[in-house]
Each structure stands twice: as C-alpha cells, then as structure tokens.
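In our numbering, the protein residues as written are 1 to 595. Even for Gly, the Cβ is constructed at its ideal location relative to N, Cα and C.
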Ligand code: GTP
C-alpha cells in the first residue's frame with residue numbers, strides 16, 4: 001500500500017485536464033502509441049464530439065520513480081463543468097490527492113476555485129500545476145500569484161507543464177510520489193468498498209467501479225450491497241489501464257472494477273458500500289450526499305408506441321448517471337412521457353442526446369423549468385416542477401422561486417456589461433472583488449432566469465471570458481404568474497411557462513410571435529394566443545395554406561413528387577399533433593430564447 005497513489009485532476013473546463021491525463025497514461029505505458037486515441041479517458045462518442053468529460057473514469061498505471069521503486073498510480077478523471085460538480089466530489093472521495101491544473105495563459109476561473117475547495121474540504125493534498133506554458137500568451141508568474149491570491153493555496157512550487165509538448169510531465173509524476181500520501185486502510189479487516197461509479201455494459205452487464213477502503217475482494221466471493229442487503233457472486237475483479245485488466249484481487253487502497261451477477265440495475269447505487277456476505281462490515285461508509293435535480297423538463301417520445309422503450313432507456317441511463325431523475329407524466333398535448341430532473345442545462349442536453357443516439361428514440365422535449373415552492377391558502381407548501389401543474393391562483397398565498405448564488409470570474413473590461421446582464425436577469429449584487437486583472441462578482445439571481453439563457457448571454461457579452469459557478473442559495477417569494485399558450489383555441493399544457501408578472505405581457509407577445517413563425521401553416525387559419533388566467537394578452541394568426549405541396553408538380557414529375565413527400569415525412573418526425581394542429585419540437589423550446 002505504501003506504493004499506491006490515488007489522485008484526480010481538477011481544473012476549469014478546457015484548461016487541459018484530459019490532455020494531461022493522456023500524457024500521464026502514455027508516459028506510464030498504459031497504452032501503445034497506436035492506441036492513443038485522442039483523449040482516451042473521455043470514452044463516450046458524445047464526449048469526444050463535445051470535447052467535455054462527462055463520466056468520471058479511472059486508469060491504473062505503473063510508474064517507476066527516480067527512487068527506483070515502482071508505484072501504482074490510480075488516476076481518477078473528473079468532469080469540469082459546473083453541472084457535474086457532484087461527480088467531482090464523488091471522484092475525490094476515492095483519492096488522497098489532486099492535481100489542480102490551471103491554464104497559464106488564462107488564469108484562475110470559477111470552476112478552478114469551486115473544484116479546489118471541494119478537494120480541500122475532503123482533506124486532499126492539492127498540487128498546483130501550471131499548464132500550457134508552451135503558449136506565447138502564457139504568464140505563469142501572474143497565474144501563480146492568482147492561485148495564491150484567489151484560492152489561498154501555496155503555488156510557489158507549482159510545476160510548469162505543457163500537456164501538449166510533454167514538458168514537466170516527469171516532474172508532475174515525481175511530485176505525486178512525494179506529496180500525495182499513500183492510502184490508509186486495513187487489508188485484513190472486513191471488506192468496505194465505496195461504489196464510485198456504475199454503468200451498464202452490454203456484454204458483461206452491470207459494472208461497478210470501487211475504491212476499496214478496507215479488506216479485499218476477489219472472484220467467487222459473495223458480495224453484499226449494504227444499502228439493500230442484496231447479495232451476488234463476484235465474477236471478476238480488475239483494473240482499467242485504461243483497458244480492462246482482470247486481476248486476482250483488489251485490496252485496501254486500490255481502485256478497480258467488480259463484475260458480478262447484478263441484474264437489477266438500480267441495486268448498484270453510486271455511494272453505496274460493498275462488503276462480503278461471509279464476513280460483513282459492521283457499518284457502511286458515509287455515502288455521497290443525495291443529489292437534487294435543479295432543472296426539470298418533460299420528455300415525450302415522438303412515436304407514442306416508444307413509451308416503454310423510453311422507460312427502459314431512462315432506467316439504463318440512470319444507472320450510469322445517478323443524477324438523472326424521472327417519473328411518468330401525462331400531458332394533454334403530448335400524451336405519455338416522463339418528467340425528468342437534471343442537474344442543469346448541459347446535463348439535460350447530454351441525456352437527451354444519449355437517448356437519441358444510444359437508444360435511438362426521437363424525443364420531444366419541453367422547455368426546462370425550475371422547482372417552485374407554493375404556499376397554499378391552507379398553510380401547506382407544495383413543490384411544483386411543471387408549470388402546467390401550478391394550482392389555481394385563488395388557492396395560492398405565494399409562489400417562491402429558487403435563487404442561486406452565482407460566482408462569476410471575468411476580466412475587468414467586461415464588468416460593466418456583465419453587471420447590466422445580471423440586473424436584467426433580476427439579479428442582486430452580493431459582492432465584487434478585484435484580484436489583479438480578474439474580477440470576482442457574486443450575484444443572487446433567480447434560477448428561472450439562469451435556466452433561460454443566462455449562460456449563453458454571459459459568454460456572449462464577455463466574448464467567452466467570463467466563467468460561472470453557482471449553487472442553490474434559497475427560495476424567495478416573487479410575483480410570478482403562469483403564462484399559457486393557446487393554439488387554435490386549445491391550451492397546450494406543455495407550452496405553459498411561469499414568468500415574473502412584470503415581464504408577462506412582453507413575454508406573451510414575444511412567444512406568440514415566435515410560435516407563429518415556427519408552427520407550419522395548416523389548411524385553415526390558426527390563432528396563437530398567450531393568456532394569463534382567462535385574460536388573453538396577445539394574439540397572432542397563422543394564415544391558411546393555399547396550395548398543397550404537390551400542386552406545383554403538374555401531376556407529371558413523379559420523382560420530384562416522391563421527393564417532396566419524403567421531405568414532408570422527414571419534417572413530420574419531430575412534430576406532435578395537438579388537436580388539429582401539428583406543432584414542431586422547436587416550439588416547445590421557443591420560450592428559452594429571449595431577445
Ligand atoms: P474538459 O474535459 O472539457 O473539462 O476540458 P479539459 O480540461 O479536459 O481540456 P482538454 O484536455 O480537452 O484541453 C482543452 C484544449 O486545450 C484542447 O484543445 C487541448 O489540445 C489544449 N491543450 C491542452 N493542454 C495544452 C498545452 O499544454 N498547450 C497547448 N498549447 N494546448 C493545450
């Protein structure tokens with residue numbers, strides 16, 4: 001155990017975490033050159049395309065240090081995006097140290113700070129690394145001072161490195177040996193292993209990734225999951241190098257996978273403790289804190305007969321993604337579907353894409369919404385995660401909305417525009433600090449506004465330089481109303497939104513105008529109306545279609561006719577028939593783009 005080092009790399013997005021991980025793997029001979037698929041740790045196709053790390057993964061590496069000894073490095077990859085900070089914290093629970101990677105041409109950003117604090121809270125040894133020093137714009141001295149000033153971590157010995165050229169990699173490996181403490185734990189004690197991650201593999205079934213704290217686990221053992229007492233025979237244990245490598249045992253201090261006969265995918269809960277049935281531990285390890293979804297949206301299959309398939313796919317995804325929540329929901333407009341809870345917008349995007357790509361289901365997604373608290377006249381408090389379910393105003397005393405505390409880092413020159421944006425979004429300033437060139441702004445902003453388009457706007461007004469981190473701060477009463485949309489006289493429940501009263505008329509007009517542009521013309525005139533209660537606040541007309549699409553084809557050109565019909569069919573895939581009118585997917589998200 002003296003030769004084991006468990007560590008993670010934490011960084012702000014794009015500061016080079018995955019590139020550095022690849023370098024470390026490469027240097028330790030984990031993969032041959034031809035296998036060095038760019039960024040091996042980001043295993044899912046989707047991640048490769050988006051270039052962000054979603055699931056924490058791990059690699060076990062052997063490193064021969066300058067002292068001549070061979071060390072086992074367990075590198076645990078962590079995601080950098082604000083939506084996934086819970087995955088950072090659970091990966092860190094399996095480590096004794098963390099490399100804090102900061103882009104030397106950029107400096108300290110919001111997630112550098114947030115992730116670093118998570119590591120410090122968990123008593124990890126934090127090792128600062130200044131990456132991208134090969135760039136002409138790199139200014140390691142300034143960034144070193146920023147790390148000390150903003151985060152308060154000693155950066156005087158920070159390694160200068162370039163994950164791109166390989167500079168400083170050996171230094172980093174030696175520093176890990178020297179500064180990251182070896183794990184403590186008793187290999188002879190009853191087994192206690194923490195489930196860091198679990199996922200469904202189509203060949204071997206459920207795979208769990210564990211950090212063994214005490215004891216050991218091997219094939220043919222009978223393991224027990226402490227949360228529900230379920231028992232399974234262990235088929236295989238091993239490590240990822242990052243290719244999977246079967247081993248005889250995994251013992252205290254190690255990180256690796258366990259394959260067993262787990263059939264019920266919900267059994268392998270991330271954060272649960274694995275022990276042995278023959279000699280169980282007396283109590284489980286402290287688990288991870290329950291993750292709360294902050295953004296909700298309805299997911300409906302375009303083809304209603306794909307409902308069951310959607311349910312199964314969500315169940316499989318959930319195993320792989322502990323933060324995903326879902327429950328059945330019925331919409332008058334969209335039929336049977338699920339109300340799903342996500343950590344944030346990026347998380348929602350990813351789930352949606354994985355459903356479509358990996359499970360081949362076409363979806364209609366409704367606009368994301370936050371969770372409101374409603375104080376009823378009878379004194380009870382209810383949570384509303386679907387605007388269509390907001391009780392009748394006569395029964396409500398007040399509506400409270402979630403407020404987030406946002407920490408924004410940005411270069412001085414953008415302070416003015418960012419403050420204007422925060423004010424527009426009903427934010428109130430809590431703090432503002434200068435750290436040299438960087439400014440730290442702290443704002444309390446209604447989450448509802450953030451879900452809309454805050455992040456995109458922030459990036460655009462600051463030309464990409466501002467970075468954001470946030471956490472739920474409190475619930476606050478606000479003057480909110482439900483805005484309903486009527487298409488052809490019928491209320492479309494999936495289009496309802498909750499907005500601030502002061503903006504309601506404006507938003508109603510804007511939304512009606514947008515829908516007019518999105519909903520295709522039908523054979524008859526269609527009215528699009530926005531209403532608050534029974535008051536219509538806006539109305540637009542979609543003129544009837546005069547000719548049908550084939551009219552132009554003079555009956556003769558059959559191939560052209562077929563093409564047109566096919567085009568029409570493809571266009572239909574993302575439409576939902578609501579009453580007599582077909583509404584395309586974009587309509588349900590129209591509310592998100594405010595101008
Ligand atoms: P997420 O996975 O999205 O959190 O990003 P990351 O922190 O893993 O960053 P990634 O490794 O994907 O690197 C981001 C970009 O920076 C890529 O285009 C890399 O090629 C580039 N990059 C990484 N390290 C270096 C470096 O040392 N020098 C230079 N010039 N570019 C680098």
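Using a cutoff of 8 Å, the CB of residue 381 does not count as near the ligand GTP, since none of the ligand's heavy atoms is closer than that. Within the stretch 387-459, the complete alpha helix (DSSP H) segments at least 4 residues long are 415-424, listed from N- to C-terminus.
Between residue 223 and residue 277, the beta carbon gap of about 7 Å places them in contact (Cβ cut-off 8 Å). Taking the C-beta atoms as reference points, residue 214 is found nearer than 9 Å to residue 281. DSSP, reduced to helix, strand and coil, places residue 476 within a strand of the structure shown. Taking a contact as a CB-CB distance under 8 Å, the pair residue 494 and residue 532 does not count as one, their CB atoms being some 18 Å apart. Counting along the chain, the unbroken beta strand (DSSP E) around residue 275 starts and ends at 273-276. Per DSSP, reduced to three states, the secondary structure at residue 332 is coil, with no helix or strand assignment. Listed in chain order, the beta strand (DSSP E) elements of length 3 or more contained wholly in the stretch 325-386 are 325-331, 335-342, 363-365, 372-376 and 381-384.
Residue 459 has its CB no nearer than 8 Å to any heavy atom of the ligand GTP.
By the CB criterion at 9 Å, residue 299 and residue 355 fall inside the cutoff. Going by DSSP, residue 527 is part of the beta strand (DSSP E) stretching over 526-532. Taking the Cβ atoms as the reference, residue 359 lies roughly 4 Å from residue 313, within the contact range of under 8 Å.
Of the candidates 331, 352 and 23, the residue whose Cα lies closest to the Cα of residue 341 is 352. Residue 472 and residue 248 have their alpha carbons spaced roughly 45 Å apart. A contact is defined here as three or more CB-CB pairs under 8 Å, and the stretch 391-409 meets this definition with respect to the stretch 440-449.
In the three-state DSSP reduction, residue 279 falls in the coil class, being neither helix nor strand.
The beta-carbon separation of residue 191 and residue 216, rounded to 7 Å, stays under the 8 Å limit for a contact. One Cα belongs to residue 28, the other to residue 363, and the distance between them is close to 43 Å. In this structure, DSSP gives residue 270 a state outside helix and strand, which the three-state scheme calls coil.
For residue 236, the enclosing beta strand (DSSP E) begins and ends at 231-240.
Judged by their CB atoms, residue 390 and residue 381 are not nearer to each other than the 9 Å cut-off. When rounded, the separation of the alpha-carbon atoms in residue 170 and residue 75 is 15 Å.
In this structure, residue 4 keeps its C-beta atom at 9 Å or more from the C-beta atom of residue 174. By the Cβ test, the stretch 95-111 is in contact with the stretch 9-29, since at least three Cβ pairs between them sit closer than 8 Å. According to the DSSP assignment, residue 286 belongs to no beta strand (DSSP E), since it is labelled neither H nor E. About 14 Å separates the beta carbon of residue 484 from that of residue 501, a gap too long to meet the 8 Å contact definition. For the pair residue 90 and residue 196, the CB atoms are nearer than the 9 Å cut-off.
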